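> Right, I'll just put the structure down here and ask away after.
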Amino acid sequence: MPFAPRTGGARRRFLLALPGMLALLASPLARAAELLTFDGLYKSNTVLGLKFADRTLALKGESVRLRGYMAPPLKPESKFFVLTREPVAICPFCSSDAEWPVDIVVIYASKTVIPSNFSERLEVEGRLEVGSYTDPVTGFVSQLRLRDAVFHKIKDQ
Amino acid sequence: MRFTRLPLAAALCAAVLALPAAAQSIYPLNRAEILAGSRFDLKVEFPGLVDASTAKLSINGKDAASVVGKSADFIYREDGKDVTSLILRDVALSKAGKYTVEASDGTNTKKVVWNVYATPAKAAAKNVILFIGDGFSVAHRTAARILSKGIEDGKLNGKLAMDELPAMALLSTQGTDSIITDSANAAHAYTTGHKSCVNALGVYCSRAAGSLDHPRVETLGELAKRQGYAVGAVTNSEIEDATPAAMIAHTRRRSDFNDIVKMFYDSKIDVIMGGGSPNFLPQSTPGSKRKDDVDYIGQFKSAGYAFATTKTEMAAAADNDKTTRLLGLYNTGNIDGALDLKFLKKGSVSKFPDQPDVVEEMKAAIKILSRNKKGFVLMVESARIDKYSHSMDAERAIYDTIMFDKAVAEAKNWSKANGNNTLILVTADHSHGVSVVGTVNDDAPGNDMRNKIGTYEDAGFPNYPAPNAEGYPEKVDVSKRLRLVFANTPDYYETFRPYMDGENVPAIKNADGVMVANEKYKDVPGAVFRTGNLPNTGPRGANQGVHTGDDVVLTAGGPGSEKVHGQMENTDLFRVVADALALGKPAAAKAKK
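Top line first, the protein sequences correspond to chains A and B. Going by our numbering, the residue at position 47 of the first sequence is 47; the numbering climbs one at a time, nothing skipped. So our numbering is basically just the index in the second sequence, starting at one, shifted up by 1000.
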């Protein structure tokens, strides 16, 4: 009997400690995948071009998260899609990338993308790539990409 | 009755039978009206392979090469296909008259007839300003008049500046492929005098595979420049967009923005202003949309152009007496419309706080172009009347119509003070399905927004505040608003009110490729779902309002405007301009060839 409360107490302490330990385990992961914002990607956005924010350049090659909207894919059965700040209203004559917003981010997903709903806000996590790159299949030119990316719908947005 | 019907039926049968027998195509098409001395490509497309020895091309019965002074390129397998073509690039016919062009493959002959016309020898006008309200329809005009002038005792308190121009005509806008045009072939009709097909600028739509390989016709920008006029194009869309591009471009595909930037550069027209800077930046610059490393801003500067990125820089460049060429790029996308720029500050105004409006662009352009002694040709476009009508954003479209008219007023004033020798043409390129149906009164009983719509005497008058000095009501979300509706729509949520937080996005594509109503507006108080009446799937599935085929109104004043009357083809506008400036002088044309 005298031992019983102690055991119980130890057990209770262990149970109480569990979420804390999980948080400790999780926090380095959260730090690795820093949440970036479309606004924060650039230091300036002018007629003469975009200038990357120092933080964007510092995170080159790192895993980051970004929230936005999937644009309707340029081709089906692809790992490639364009992430935009707002849902894009595609104009009926845009057969090229001519009228895309300038601050888009190209996503190369780890698996073939199955589009669900283009008005749903997504969180994408992937390895940040910075600099001009032309997609060999679509010819789409991008300045920022997330490679090996995974994504999920954001519930309360 | 029988006797008259039978031959008709026989003739119809013969026509139907004759049509599919794959005749050769000849460009320019039958019944083309061609300005004497203007340059064009003559192309013949045979339906199959034809030997060089049997292919014949004649003009008025003579070998075509002897008439135009150069021989045709013979393309045995065009684009690697089993079809033969003949093409004569960059030819001109200097003498006015009927020209019968015949092409034969040895067995079948196809004939077209062109009318080549000369202009008066002497120009009636020194300058031409062509105003294009993109998508600008009668309801926009009526709405702009009500909001910017007001009504008392059943009469408007004033007219729009364009209303007081003396000449008026209805223009039909159809093209070579359809009764409905887009801004490309619609503007092309004005700037070349030739008809073409949807998406095409400065070319006939042939079977060529490459968008830049189609038979070209000379544009107003090129013609005027070649004859010593200063030329300008100013807009609040991206400068590469179809309407301003029609001044200089030759492509089957209007979205060839990077090629169009090069065409602007090659044309050396004097004033170029709008949005759309990313296609001028080398691909290595973040934010560029080019696919090469050409720095077009640098190129323009080297060619002697002043360069402006803000209204302040534009004004400084225009005020400098030495400025005769200006490239102004004020936004990466479209320049914000009047409602956002001046009142709501939505759109990209926070990112680009010092953008000029169309009126300011035009005034700067005139200042620069009028330094050319011979005169100038300027296209002024209010582009977002169309864009906001696509997005079914009535108030933004109306405010941009007010801005458009303000530009016309300023141009009229300038002309009056500067010799009264400027031809001013005000028109649209195509229409939208818009109509003013009454008012919406928030204070009407009940919660159902539909039953707050006033029709007939219940419509009464809207309660916008009196317009400010520029002609805009400073409050758009008043309790009794004008009700301008869209006839041809995708599925959408009708909110019965202005979009105070930014431009409307009525519908979006879902994952199955179907255009569906944008759920963003579902919970706006009073919003109701409206089933659309436009296709919602396939390549022409509509996520917004689309162009209509109604006639558009052309109003005009100044020397040469007397030719504007009645019902005209859109291509006739080009001839009005060519005549006013004597761009196809009989004497000059003779000297050329």
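Ideal Cβ placement from N, Cα and C applies to all residues, glycine included. Computed from a predicted model, the values in this text were never measured in an experiment.
When you compare the CB of arginine 1290 (chain B) with every CB in chain A, is at least one pair closer than 9 Å?
yes
> Return the first residue and the last residue of the beta strand (DSSP E) that glycine 1221 (chain B) is part of.
That residue, glycine 1221 (chain B), is in no beta strand (DSSP E); its alpha helix (DSSP H) goes 1220-1226.
> Using the Cα positions of alanine 1208 (chain B) and isoleucine 1239 (chain B), report the straight-line distance between them to the nearest angstrom.
26 Å
> Assign glycine 1080 (chain B) to one of three DSSP states: helix, strand, or coil.
helix
> Opposite histidine 1140 (chain B) in the DSSP bridges: which residues?
Looking at the DSSP assignment, histidine 1140 (chain B) forms no beta bridge with any residue, so it has no partner.
> Give a yes or no on whether the minimum CB-CB distance between tyrosine 42 (chain A) and chain B is below 9 Å.
yes
> Mind the definition here: the stretch 1038-1055 of chain B touches the stretch 1213-1221 of chain B only if three or more C-beta pairs lie below 8 Å; say whether that holds.
yes
> Going by the beta-carbon positions, is the gap between tryptophan 1114 (chain B) and leucine 1088 (chain B) smaller than 9 Å?
Against a cut-off of 9 Å, the Cβ pair of leucine 1088 (chain B) and tryptophan 1114 (chain B) comes out as no contact.
> Look up tyrosine 1464 (chain B) in the DSSP assignment and say whether it is helix, strand or coil.
coil
> Where do the N-terminal and C-terminal ends of the alpha helix (DSSP H) with tryptophan 100 (chain A) fall, by residue?
Here tryptophan 100 (chain A) belongs to no alpha helix (DSSP H), and DSSP marks it neither H nor E.
> With a 10 Å radius around its C-beta and 16 neighbouring C-beta atoms as the bar for buried, classify histidine 1547 (chain B) as buried or exposed.
buried
> Below 8 Å CB to CB, which residues in the same chain sit around aspartate 1357 (chain B) once its five sequence neighbours on both sides are set aside?
Asn1236, Ile1335, Ala1338, Leu1341, Lys1342 and Met1403
> Under a Cβ-count criterion, where at least 16 other Cβ atoms within 10 Å of its own Cβ denotes burial, should threonine 1285 (chain B) be classed as buried or exposed?
Buried, by the Cβ-count rule.
> Run through the DSSP bridge pairs and tell me what serine 1104 (chain B) is partnered with.
B:Lys1056 and B:Thr1109
> Using 10 angstroms around the beta-carbon of serine 1418 (chain B), count the other beta-carbons present and answer buried if the total reaches 16, otherwise exposed.
The sequence shown places asparagine at residue 1418 (chain B), rather than the serine named in the question. Asparagine 1418 (chain B) comes out exposed.
> List, in order along the chain, the chain B residues whose C-beta lies closer than 9 Å to that of threonine 134 (chain A)?
Gln1283 and Lys1291
> Valine 137 (chain A): buried (16+ other C-beta within 10 angstroms of its C-beta) or exposed?
exposed
> In this structure, does DSSP put glycine 1158 (chain B) in helix, strand or coil?
coil
> Could you pull the start and end residues of the alpha helix (DSSP H) that tyrosine 42 (chain A) belongs to?
Here tyrosine 42 (chain A) belongs to no alpha helix (DSSP H); instead the beta strand (DSSP E) covers 42-46.
> Taking glutamine 1299 (chain B) as part of the alpha helix (DSSP H), name the residues at either end of that continuous run.
Counting along the chain, the alpha helix (DSSP H) containing glutamine 1299 (chain B) begins and ends at 1296-1302.
> Pull up the distance between the alpha-carbon of alanine 1169 (chain B) and that of leucine 1573 (chain B), whole angstroms please.
It is roughly 10 Å from the alpha-carbon of alanine 1169 (chain B) to the alpha-carbon of leucine 1573 (chain B).
> Report all residues from its chain with a CB closer than 7 Å to the CB of alanine 1582 (chain B); omit the five preceding and five following residues, and keep chain order.
Thr1119, Pro1120, Ala1121, Lys1122 and Ala1123
> Using the beta-carbon count (16 or more within 10 Å), is leucine 1165 (chain B) buried or exposed?
buried
> When DSSP builds the beta bridges, which residues end up paired with histidine 1194 (chain B)?
According to DSSP, histidine 1194 (chain B) bridges with nothing at all.
> Give the single residue among B:Lys1098, B:Asp1105, B:Gly1328 and B:Gly1150 whose Cα lies nearest to the Cα of aspartate 1032 (chain B).
Correcting the residue identity first, residue 1032 (chain B) is alanine in this sequence and not aspartate. Closest by alpha carbon: B:Lys1098.
> Threonine 1142 (chain B) to glycine 1210 (chain B), Cα distance in whole Å?
43 Å
> Terminal residues of the continuous alpha helix (DSSP H) containing lysine 1406 (chain B)?
1394-1417
> Between the stretch 1438-1457 of chain B and the stretch 1193-1205 of chain B, do three or more beta carbon pairs fall short of 8 Å?
no
> Assuming leucine 1369 (chain B) contacts valine 1436 (chain B) under a Cβ cut-off of 8 Å, what Cβ separation, rounded to an integer in Å, is found between them?
Rounded, the Cβ-Cβ distance is 36 Å, inconsistent with contact.
> Could you check which residue in B:Leu1534, B:Thr1100, B:Met1263 and B:Ser1104 has the C-alpha nearest to that of valine 1112 (chain B)?
B:Thr1100
> Could you name the residues of the same chain whose beta carbon sits closer than 7 Å to that of threonine 1571 (chain B), not counting the 5 residues immediately before and after it, in chain order?
Glu1033, Ala1189, Gly1193, His1194 and Lys1195
> Let's see if you can read the secondary structure: which residues bound the alpha helix (DSSP H) around arginine 1575 (chain B)?
1571-1581
> May I ask you to verify whether the stretch 1499-1511 of chain B touches the stretch 1174-1182 of chain B, counting CB pairs closer than 8 Å and requiring at least 3?
no
> Using a Cβ-Cβ cut-off of less than 8 Å, give me the residues of the stretch 1325-1353 of chain B that come near chain A, in sequence order.
Leu1329, Tyr1330, Asn1331, Thr1332, Gly1333, Lys1351 and Phe1352
> With DSSP as the reference, label tyrosine 1472 (chain B) as helix, strand or coil.
coil
> Please list, in chain order, all residues of the same chain as valine 1524 (chain B) whose beta carbon is under 6 Å from its beta carbon, the five residues on each side excluded.
Thr1495
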